[in-house]
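**Student:** Here it is, the structure in full.
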Amino acid sequence: MASLFRTLAVLGTMAGMAEAVDLASYVLPLTGTQAGGNTFPGVSEPFGMVKLGPDMDTGPNATGSSYSGYLPGGAFFTGFSMLHESGTGGAPKYGVVSQMPVTGAPVANPLIRHADARGTSADVASPGSYKATMASGIVVELAASSRAGLYQYTFPNSTSNTNSVIVDVSHFLPAPDRAYLSQHYLGGNITVLSNPDGSGLQYQGAGTYNNGWNLSPAWTVYFCGYFDESGTVKTFVGSGSTGNTVNQFPAANTVSTSTNRLGAIFSFNSSTTTVTSRVGVSFISTTQACSNVNSQIPAGTNQTALAAQTRAAWNDQVLSKITTTDTSNTTRLQLLYSSMYHMLLLPQNKTGENPMWSSTEPYYDDIFTLWDLFRCTTALFHVLQPTMYEEFIRSLVDIWRHEGFMPDARSSFFNGATQAGSNADNVLADAYVKGVRGNINWDDAYAAMVTDAETVPPNNNDPRDPSGSTKEGRGALPDWLNFGYITRSYGRSVTRAVEYSVNDFSLYQVASGLGKTEDASKYLERSRNWRKHWNPSAKSLGFSGFLVPRTKSAFIQQDPLLCGGCYWKDDYYEALSWEYSFNAHHDINTLVNYSGGDTTFSDRLAMMFVPGQRPFGSAQFNNTIFNPGNEPSFTTPYLFNFVGRQDLSVQYSRAAADAYYQPTPGGLPGNSDAGAMESWVLWSMIGLYPITGQTTFLIGSPWLSDLTISLGGDKSLTITTTNSSYTSSSSSSSQSIYVQSLQVNGQPWSKSWLTYNDIFANGGRLDFVLGPNPSNWSAAGLPPPSPATEANSPPPLVLPSIVDRDRFSWRVARPVLATLASAVSATLVISAMYLCLRRRRLQLLSANGDQEQLPEVEAPPPSPPPLQTFTKKSLAVLKRLPRKAALLLMWPKRLLGLAGPKPTNVSVEADASVVAPADTTKDTAKQTATAIAVKSADSASDTGSDLTESSDNDAAKAASQVEAPAPVVLKPSTPTGPDAV
Ligand SMILES: *[C@@H]1O[C@H](CO)[C@@H](O)[C@H](O)[C@H]1NC(C)=O
Ligand SMILES: *[C@@H]1O[C@H](CO)[C@@H](O)[C@H](O)[C@H]1NC(C)=O
Ligand SMILES: *[C@@H]1O[C@H](CO)[C@@H](O)[C@H](O)[C@H]1NC(C)=O
């Protein structure tokens, strides 16, 4: 009740609001659940540890993964479980502590598949509540608090059915297509209780699991469940940790810890058609699991009341932080509030539930991943959730205190899946420069950053890239410390070089603030090391100068439009040189110089958005080099502000937002990445873009006529736009999106950027005048800061360019070989089909006694799948073939699983409704198959010398393979011995 009044009070203060609205009504939790978005549509509080929702698969022999548990379309419910993540890739985590209702005969074997198809009614999801209707007629309604959940089952009416609920401790979300990342059930126990009259049904116990996307060791969850109705209970034990053979059924009331599958069946007679169960979880003990459920969901709580309470939490704590009176476009409001909702499901606040160490510090888990989140999400946490944000940073530092390293990614109390840099450094720097102090111990925080910058993390021998740690810290640090660049001794060398530069800039920021001047200058110098990968003679699409891989003495020639497998062992991770070459956001002026000046830089940025330029791109994204679905491209549309073309930032960022974001199930450009995508579009709607690690915000163009952001206390930021005439049609060229003029806190403003202090620290006001045509309103203002650029920045390093044939040639050859293989198989398949059809027709004709002569027709070609199901790589290879031939070639290729490696932009399979979205744009473990293929190709064609680099060997290659002789070698401005040739 109190929270309801709070909601009303908040709504009441929204000046000018036509009517008090329940902002949660704009939240569509099914947004982003299809097309690889992988968002979680079940029930959760903001940052809730419990995420209660369905677990689904596509059938008994499912090969895909359901990352958040949910699947759209004609899928099967296999359980409803308490722990989930949202918007992840790689391989699922959790889907544990489940219940599965069944009706009909008494359950004879609880370990066989008890799956129920989706019924005729679609699932209904809203903040706080989830309702599933299954084909059996059972309706499941869910509600949850932060550490407990409530199940309400309505069984179909019958005079003879037994209604049962199976508690299977061995249930989890599998990854059948990614065995090495799949979770496993390792064991558990269960104790059941009931009164002699069948009342007081209860169960408690524990389950232990491991692995998942972060390759974690075993972890244990404790549970404590109650049923409100009277019935009977029997425990069961299987004969292994997998398989469906029952060993004991019924078993004793307590099944002590066993690695075999185990659980309990609760049964109710046909007259009990409504069954309610309350379940608590804990990572500490069953006692704590019981106290979690009894304190948060006391006996007798009904689903409707609990759902209303959780909905109020979303309204009070989250949605009311951004309000508007501009209710003209409901779709926009749905995008706004659904994005806020999905952005704040993760990380999970497990304060008081950390089994690894005891501490008075807060504890947040399920960070997927700071690589995804540092660009847009954490800066928005700061604005929208300042209390949580400070706790989150304290938690990162406490993890370092007790485990030695901060995470880049973390789940089930374990660091893992560090994709490139140690990006917690950027998050901490962002908080520090914006004045976040509170209870953060900044001396410890800085020490944690220094650990990242100076201590080589132990190698965890990740099969995806055994060259250095992928668990935490900077796995390629030895090269970075020894040379100031990263050779191919390490995977992802180019990506890591540019990210380590940004990380070192983050250390510079905090060191400067803490008065550590020696450290500050050292890290500022190191933050310029990205320049040592800049090959001024690398060329692409008429532009010169790109980040490239290198040896100790030479740049390795590469097409900046290719990234090999674009995966853990490759030079670039999930993005092209074109994209990473724009990622030194602390040193943009050097980048502009290296690129040939303002105009060339602007043209080069614009090339990112020209359709059809990305050879193995995605049709969904018009094959642009800009990849709206992955984080390395996030900042690129806004970089025009650095060269006086703020209008182009507006044009391209708005075009991307309009094209790729809708509040619909398929409305995200790929994995949500735990809300990273949603935070990108939220900044677009606000009309600002953060440069993490600096106080700078680049100015875009707000979407709504007014917006008020509550900043805590009585501070707020108000943003207005006038002369805007939005239409619901996003393609309308008369949209008033271009800034004509701006006032900041009532003063005219001519800069295309502002700082945190200008409008956030004490609140503020932005009043935009927008129009349908570009204007040069910010031409006279100072450009945004480029804090790592010297007054006279040195010219780029010149080194010979060598061709590394071993490593590169197979990648060029591979698509060609794959296509040849396809051609051969296409011929075989078509011939086989032709023969079959012909034979069948002959049989039919003879069976019918039809004497009519067989007409001279060819067998129809197999009908091709929709265009977007092809991998773009293959399409590009086939570009020059006649279209029909290409279609014919691709079909069998796909059937036989020969489709080439997943490109960085994979358009989502058209039949995503039935195929689990196993591979998506930014899926951290995408291209596993590729990686394996790569490995065999590598071992076949390469002696490994490129991985254990020998400078002599490279020098020899350099001498014999320099294509464009570059005899003039300039000393780098910051002479480091190994760079000299
Ligand atoms: C699943 O696989 C099993 C064993 O290979 C097979 O017997 C069964 O028919 C398959 N089921 C479906 C629905 O394809
Ligand atoms: C089941 O029977 C009850 C009592 O007759 C009735 O109120 C309810 O609507 C029925 N439910 C269904 C699903 O038919
Ligand atoms: C159940 O397992 C947990 C975790 O391993 C353990 O702490 C507990 O003592 C076990 N209980 C029983 C009854 O075996």
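According to mature numbering (1 follows the signal peptide of the UniProt record, and there is no 0), the stretch in the sequence shown is residues -20 to -1, 1 to 961, in order.
Ideal Cβ positions, reconstructed from N, Cα and C, are used throughout, including at glycine.
These figures come from a predicted structure and were not determined experimentally.
Please tell me whether G59 and M80 are closer than 8 Å, where the distance is taken between their beta carbons.
**Tutor:** The count along the sequence shown starts at 1 and reaches residue 59 at position 79. The count along the sequence shown starts at 1 and reaches residue 80 at position 100. Yes, these two residues count as a Cβ contact at 8 Å.
**Student:** Can you name, in chain order, every residue of its own chain whose Cβ lies under 7 Å from the Cβ of V235, other than the five neighbours on each side?
**Tutor:** The sequence position of residue 235 within the sequence shown is 255, counting from 1. Here the set comprises N169, I170, T215, V217, L242.
**Student:** Does the distance from the CB of R634 to the CB of I717 come in under 8 Å?
**Tutor:** Here residue 634 is taken as the residue at index 654 of the sequence shown, counted from 1. Here residue 717 is taken as the residue at index 737 of the sequence shown, counted from 1. Yes, these two residues count as a Cβ contact at 8 Å.
**Student:** Looking at C-alpha atoms only, which residue of D405, D306, S517 is the closest neighbour of Q538?
**Tutor:** Taking the first residue of the sequence shown as position 1, residue 538 is located at position 558. Ranking D405, D306, S517 by Cα distance to Q538 puts S517 first.
**Student:** Assuming N397 and W663 make a contact with CB atoms under 8 Å, what is their CB distance in whole Å?
**Tutor:** In the sequence shown, counting from the first residue as 1, residue 397 sits at position 417. In the sequence shown, counting from the first residue as 1, residue 663 sits at position 683. Sequence inspection shows Ala at residue 397; the Asn mentioned does not correspond to that position. No, A397 and W663 are not in contact; Cβ-Cβ is about 25 Å, not under 8 Å.
**Student:** Who are the near neighbours of T252 in its chain, counting only those whose CB is closer than 8 Å to its CB and skipping five residues on each side?
**Tutor:** Reading the sequence shown from its first residue, position 272 is the one you call residue 252. The answer, listed in chain order, is F135, N143, E209, S210, G211.
**Student:** Among D445, L408, R472, which has the Cα closest to the Cα of G493?
**Tutor:** Looking up residue 493 in the sequence shown gives position 513. Cα-wise, what sits closest to G493 is L408.
**Student:** Quick one: grab the DSSP three-state call for L195.
**Tutor:** Numbered from 1 along the sequence shown, position 215 holds the residue referred to as residue 195. It is coil, neither helix nor strand.
**Student:** Once you ignore the five residues that flank S140 on each side, which residues in its own chain have a CB closer than 8 Å to its CB?
**Tutor:** Along the sequence shown, one-based indexing puts residue 140 at 160. Cβ neighbours of S140 beyond the five flanking positions: S250.
**Student:** Is N610 closer than 8 Å to G69 when the C-beta atoms are compared?
**Tutor:** Working through the sequence shown from its first residue, we reach residue 69 at position 89. Working through the sequence shown from its first residue, we reach residue 610 at position 630. No, these two residues do not count as a Cβ contact at 8 Å.
**Student:** Please list the terminal residues of the continuous beta strand (DSSP E) segment that includes G341.
**Tutor:** By 1-based counting over the sequence shown, the position of residue 341 is 361. For the record, residue 341 in the displayed sequence is Glu; it is not Gly. Per DSSP, E341 belongs to no beta strand (DSSP E) and is neither H nor E.
**Student:** When the distance is taken between beta carbons, is G673 closer than 8 Å to H566?
**Tutor:** For the purposes of this step, residue 566 is taken as residue 586 along the sequence shown, with counting starting at 1. For the purposes of this step, residue 673 is taken as residue 693 along the sequence shown, with counting starting at 1. Yes, the Cβ-Cβ distance between H566 and G673 is below 8 Å.
**Student:** Hey, quick one: how far does the beta strand (DSSP E) through Y552 stretch, first residue to last?
**Tutor:** If you number the sequence shown from 1, residue 552 lands on position 572. No beta strand (DSSP E) contains Y552, which DSSP labels as neither H nor E.
**Student:** Evaluate contact between the region 676 to 693 and the region 44 to 61, counting only Cβ atoms and requiring at least three cross-stretch pairs below 8 Å.
**Tutor:** Too few Cβ pairs lie closer than 8 Å, so no.
**Student:** Rounded to the nearest angstrom, what separates P775 and S48 at their Cα positions?
**Tutor:** Residue numbering aside, residue 775 sits at position 795 when the sequence shown is read from its first letter. Residue numbering aside, residue 48 sits at position 68 when the sequence shown is read from its first letter. So the two alpha carbons sit approximately 49 Å from each other.
**Student:** Quick one: any contact between the region 277 to 289 and the region 613 to 631, if contact means 3 or more CB pairs under 8 Å?
**Tutor:** The region 277 to 289, when compared against the region 613 to 631, does not touch it at the 8 Å Cβ threshold.
**Student:** Between which residues of its own chain and F372 is the CB-CB distance below 6 Å, once the five residues before and five after are set aside?
**Tutor:** In the sequence shown, the residue the question calls residue 372 occupies position 392. These residues qualify, in order along the chain: Y344.
**Student:** For T237, I'd like the list of residues in its chain whose CB is within less than 8 Å of its CB, leaving aside the five on either flank, ordered along the chain.
**Tutor:** Taking the sequence shown and counting its residues from 1, one reaches residue 237 at position 257. Closer than 8 Å at Cβ, skipping near neighbours: G167, G168, N169, A186.
**Student:** In the structure shown, what three-state DSSP assignment does D539 receive?
**Tutor:** Here residue 539 refers to the residue found at position 559 when the sequence shown is read from its first residue. The answer is coil: DSSP assigns D539 none of H, G, I, E or B.
**Student:** In terms of alpha-carbon separation, which member of V273, Y131, T310 lies closest to V1?
**Tutor:** Here residue 1 refers to the residue found at position 21 when the sequence shown is read from its first residue. Considering only alpha carbons, the answer is T310.
**Student:** What is the residue span of the alpha helix (DSSP H) that M323 lies within?
**Tutor:** Your numbering for residue 323 matches position 343 in the sequence shown. Per DSSP, M323 belongs to the alpha helix (DSSP H) from 310 to 323.
**Student:** Scan the region 152 to 230 and note each continuous beta strand (DSSP E) run of 3 residues or more that stays entirely inside, going in chain order.
**Tutor:** Segments of the beta strand (DSSP E) lying fully in the region 152 to 230: 164 to 173, 182 to 190, 199 to 207, 212 to 218.
**Student:** Cα separation between H322 and T358?
**Tutor:** For the purposes of this step, residue 322 is identified with residue 342 of the sequence shown, where counting begins at 1. For the purposes of this step, residue 358 is identified with residue 378 of the sequence shown, where counting begins at 1. Approximately 14 Å between the Cα atoms of the pair.
**Student:** Fully enclosed by the region 83 to 118, which beta strand (DSSP E) runs are 3 residues long or longer?
**Tutor:** Listed in chain order, the complete beta strand (DSSP E) runs (minimum 3 residues) inside the region 83 to 118 are 104 to 106, 109 to 113.
**Student:** According to DSSP, residue 981 sits in a beta bridge with which residue or residues?
**Tutor:** The chain is shown only over -20 to 961; residue 981 falls outside these bounds and no answer can be derived.
**Student:** Considering only heavy atoms of ligand 1 and the C-beta of each residue, which residues fall inside 6 Å, strictly closer?
**Tutor:** Result: G39, P40, N41.
**Student:** Is it buried or exposed for P764, if we count other Cβ within 10 angstroms and need 16 for buried?
**Tutor:** For the purposes of this step, residue 764 is taken as residue 784 along the sequence shown, with counting starting at 1. Under this definition P764 is a buried residue.
**Student:** How would you write the range of the beta strand (DSSP E) that V259 sits in, first residue to last?
**Tutor:** Numbered from 1 along the sequence shown, position 279 holds the residue referred to as residue 259. Unbroken beta strand (DSSP E) run through V259: 254 to 262.
**Student:** By alpha-carbon positions, which one of P458, R745, N137, A741 ends up nearest to W729?
**Tutor:** Position 749 of the sequence shown, counted from the start, is the residue given in the question as residue 729. Ranking the options by Cα distance to W729, first place goes to R745.
**Student:** Using only alpha-carbon positions, find the residue among K414, S221, P40 that is nearest to N742.
**Tutor:** Against the sequence shown, residue 742 aligns to sequence position 762. Among K414, S221, P40, the Cα nearest to that of N742 belongs to K414.
**Student:** Assuming the contact rule is C-beta atoms closer than 8 Å, R530 and T467 should be a hit. Round their C-beta distance to whole Å, please.
**Tutor:** Along the sequence shown, read from residue 1 onward, the residue named residue 530 stands at position 550. Along the sequence shown, read from residue 1 onward, the residue named residue 467 stands at position 487. At roughly 7 Å, the Cβ-Cβ gap stays under 8 Å, so R530 and T467 are in contact.
**Student:** Helix, strand or coil, according to DSSP, for L504 in the structure here?
**Tutor:** The residue you call residue 504 lines up with position 524 of the sequence shown. Helix.
**Student:** Could you round the C-beta distance between P645 and P52 to whole angstroms and report it? I think they count as a contact, below 8 Å.
**Tutor:** Locating residue 645 in the sequence shown gives position 665, counting from the first residue. Locating residue 52 in the sequence shown gives position 72, counting from the first residue. That belief holds up - the Cβ atoms of P645 and P52 are roughly 6 Å apart, short of 8 Å.
**Student:** Using the Cβ count rule (16 or more neighbours within 10 Å means buried), how would you classify P617?
**Tutor:** Numbered from its first residue, the sequence shown carries residue 617 at position 637. By the 10 Å Cβ count, P617 comes out buried.
**Student:** Who are the near neighbours of residue 966 in its chain, counting only those whose CB is closer than 6 Å to its CB and skipping five residues on each side?
**Tutor:** Nothing in the structure corresponds to residue 966, since the chain is present only between -20 and 961.
**Student:** Only counting the same chain, and skipping five residues up and downstream in sequence, which positions put a Cβ closer than 6 Å to that of P26?
**Tutor:** The residue labelled residue 26 in the question sits at position 46 within the sequence shown. These residues qualify, in order along the chain: Q297, V298, L324.
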